[in-house]
Amino acid sequence: MITKNASQNNHFYRHVLGLRRVKVTVNQDDPSMYHFFYGDKTGSPGTELSFFEIPLVGKTRTIRSKFILLESTF
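According to full-length UniProt numbering, the sequence shown is numbered sequentially starting from 1.
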């Protein structure tokens with residue numbers, strides 16, 4: 001996934017949802033672009049989320065919504 005603002009993304013996933021940031025690296029194809037990984041506190045399979053920071057990404061529009069259920073055991 002992509003994020004326009006890494007700080008806001010970090011706040012939401014860590015402080016609102018309670019996930020851990022498990023890794024920060026850079027995009028191998030574009031080292032100026034950060035790549036963030038989040039997961040639950042125990043590293044359970046299937047809980048990892050990954051974001052690339054692209055500050056200049058344009059405005060997005062949703063044509064069809066999909067809801068994703070993030071289950072928590074903490």
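Quick reminder that beta carbons are idealized off the backbone N, C-alpha and C, glycines included. Quick caveat, the model's predicted, so the values are computed rather than measured.
Asked                                                                             : Found
For Arg21, write down the residues that DSSP places opposite it in a beta bridge. : Tyr38
Alpha carbon to alpha carbon, what distance is there between Phe36 and Phe52?     : 6 Å
Taking 7 Å as the threshold (C-beta atoms), are Arg20 and Lys41 in contact?       : yes
Can you name the residues that DSSP bridges to Glu53?                             : Thr3
Is Leu49 closer than 7 Å to Tyr38 when the C-beta atoms are compared?             : yes
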